[in-house]
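Residue numbers (the working numbering): 684 to 790. Where a beta carbon is used, it is the ideal one built from N, C-alpha and C, also for glycine.
Structure below.
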């Protein structure tokens, strides 16, 4: 009496086994019925429909297409951070110069 015991190590060592992607190895597709739920608007099926859609979007322009980035605000933030770093550097240099001056006065 022989038992057909599953050799798990052998199955995982063989990349062609059904452990890796078992559904597709058996010939079944995960997206077999995906086209059933796909929606294709009539406006996208013809050139005139695309033109009409373009004209509607061009005149009413949804908020999705609005850019909310203000470049001048970003430039201002960059300049203030740069100035802040420059001020820190100048203060550090002034502090070092003060130590040097105190050292010279004591000598």
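Chain-order list of residues whose beta-carbon lies under 7 Å from that of residue i (same chain, five-residue window excluded)
i	result
residue 725	732
For residue i, the three-state DSSP class (helix, strand or coil)
i	result
residue 767	helix
residue 787	helix
residue 724	coil
residue 775	helix
residue 732	helix
residue 739	helix
residue 704	coil
residue 698	coil
residue 719	helix
Contacting residues, own chain, Cβ-Cβ under 8 Å from residue i (five flanking each side not counted)
i	result
residue 779	none
residue 695	702
Own chain, CB closer than 6 Å to residue i, minus 5 neighbours either side, in chain order
i	result
residue 736	726
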